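Taking it in order: structure first as structure tokens, then the write-up.
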Amino acid sequence: MRKIFAWTLTGGAALLWLINQIGNVQTVKELWADQGKIVKSILSISQFWPLGAFLVGVFALACIHHGTPKLWIDKYRAKTHREPQPIFVAIDQLRALLYKGQALANRFEIPDAPKPTFGECVAWDEETTAYARQQIFADIIRPNDMARFREKWDETACRKAEAKLDEYGCLEYVSDVARAVYRYQWGRAKRLEELLAKIDGKSPIVEERLGFRIEALPPIPDLNNLTQNAWYKSGKPVFTGDAVVSVTNLLPSQGIDLVNFRLLSITPPMVSPQSYKAPTQDAVIKRIEFDDDIPANTTLAPGKTLDVRLFKTTRPPAAQRLSDITIAFYGKWPPGYLRGFRPTGRHLLVVEVTGNGVARAEALFELIFSIDQAEPVFTLTKN
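Here is the structure:
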């Protein structure tokens, strides 16, 4: 029925147009010369009305045979436009987020640039995680890859990146909070870069065996000190005692040999009681050998734990300020260096444990001292 209507419309329009051209040419000329502008316009266009009806009929026939104009456009695009594979679109989205994350961290390199807030960085991190968890990556990003992606980046590497900006004077007027934001954002961007490398097949994420757990123990009182012994028996806090961390083999049925423990850094440095002596230096404390607790080439049995004493701290009963507290480090120090220091407030300690055939373990601890006799002389907490 639609075809009959379209053909009738087209044929009738063509016939009317032909009659109009043959029979009304002279009439049009006369009216054109004598009538007003409105009549002239109507008559000048009226001869094309049949032509317009003819074109409408042709268009209707084309729609009947070939579908709507939208279908024509879709067919044209299908022939001329090549849609990318969804996996490449998803990878490009992740790569764009990497550039965005690096840009957030790079704003710390420009002293006068506004620094990103922690909220901005967390929002970026959440968006990145959501994209990485898309179904399209199911065959590429496995649960162990995602677990690694959510882990913190190596704290030492983050602090080295921060120290590099310090050398260039980029962080001269940046607060401690903003510095922490930089380390967080720089580390998260590195994790995304690592994940993209795995997706691209450049550097696959290999599941490493987690061999060690490092934890902080409460202050161990020095019971050889008679006063401390009496305080300990009466339940009073520790005023002289050892800072100790424990190292546990997490493997259920395999020992770990060649275990090595190192103290990597103390930030900010502790000061020497002798003003002309140097404070703690990371390059020096890395060379301390804690052989009394972990001898060289130690083998740690499955599920077993070793305790490593870092230093002894003493707070005199009449302590008025932090500089009255003394710290004496354990371990074998390089020749020519003193092991006695004093705290300056809150310190961050980074320790490392390595072993044969397992992933290197690193832990960050917060060390806070107190001159309040009702509190322990220090608290050591894992971050």
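To convert, note that position 54 of the sequence shown is 54 in my numbering; the numbers rise steadily by one, no gaps. Heads up, the beta-carbon is just placed ideally off N, CA and C, and yes, glycines get one too. Keep in mind it's a predicted model, so treat the numbers as computed, not measured.
Through-space distance from residue j to residue i, alpha-carbon basis
i: VAL206; j: ARG142; result: Unreliable placement is indicated for VAL206, whose pLDDT of 42 sits below 50; no coordinate value is reported for it.
i: VAL89; j: GLN254; result: 44 Å
i: PHE341; j: MET270; result: 6 Å
i: ARG360; j: ALA318; result: 43 Å
i: THR128; j: LEU97; result: 7 Å
i: GLU120; j: VAL177; result: 14 Å
i: ILE368; j: LEU264; result: 18 Å
i: THR379; j: VAL122; result: 29 Å
i: ILE38; j: PRO84; result: Per-residue confidence for ILE38 stands at a pLDDT of 46, beneath the threshold of 50, marking its modelled position as unreliable; no derived number is given.
i: LYS312; j: THR326; result: 8 Å
i: VAL351; j: ALA328; result: 17 Å
i: ILE199; j: ARG309; result: 43 Å
i: PRO116; j: ASN106; result: 10 Å
i: THR381; j: LYS286; result: 21 Å
i: ASP257; j: VAL238; result: 35 Å
i: GLU215; j: GLY169; result: 35 Å
i: SER234; j: GLN373; result: 14 Å
i: VAL353; j: VAL259; result: 7 Å
i: TRP124; j: GLU109; result: 19 Å
i: GLU126; j: ALA132; result: 10 Å
i: ASN356; j: HIS347; result: 31 Å
i: LYS304; j: ASP92; result: 46 Å
i: ALA243; j: ARG321; result: 20 Å
i: GLN281; j: MET146; result: 37 Å
i: SER323; j: PRO376; result: 16 Å
i: ASN383; j: THR156; result: 14 Å
i: LEU104; j: LYS152; result: 18 Å
i: PHE149; j: TYR182; result: 18 Å
i: GLN134; j: ALA197; result: 17 Å
i: SER370; j: ALA130; result: 43 Å
i: ALA283; j: VAL174; result: 25 Å
i: ALA301; j: ASN225; result: 34 Å
Cross-strand partners of residue i (DSSP beta bridge)
i: LYS312; result: ASP242, ALA328
i: PRO221; result: GLY241
i: PHE385; result: The shown model of the chain, from 1 to 383, leaves out residue 385, and the question about it has no answer.
i: ALA216; result: VAL245
i: SER265; result: VAL350
i: PHE88; result: Its beta-bridge partners do not exist; DSSP assigns none.
i: ARG342; result: VAL271
i: ASN260; result: THR354
Cβ-Cβ separation, residue j to residue i (assumed contact under 8 Å), whole Å
i: LEU223; j: ASP307; result: Wrong, their Cβ atoms sit about 16 Å apart, outside the cutoff.
i: PHE261; j: VAL358; result: So it is not a contact: roughly 14 Å between Cβ atoms.
i: TYR330; j: ASP292; result: 7 Å
i: THR240; j: THR314; result: 4 Å
i: LYS332; j: GLU289; result: 4 Å
Check: residue i C-beta below 8 Å from any heavy atom of the ligand FMN
i: TRP333; result: The ligand FMN is not part of this structure, which contains no ligands at all.
The region 246-265 / the region 129-141 touching (three or more Cβ pairs under 8 Å): no
4-residue-minimum alpha helix (DSSP H) runs that sit fully inside the region 270-324, ordered along the chain: 282-285
The region 92-109 contacting the region 189-203, beta-carbon criterion three pairs below 8 Å: yes
The region 297-306 contacting the region 225-241, beta-carbon criterion three pairs below 8 Å: no
4 or more residues per run - each alpha helix (DSSP H) lying fully within the region 110-176: 118-132, 143-150, 155-167
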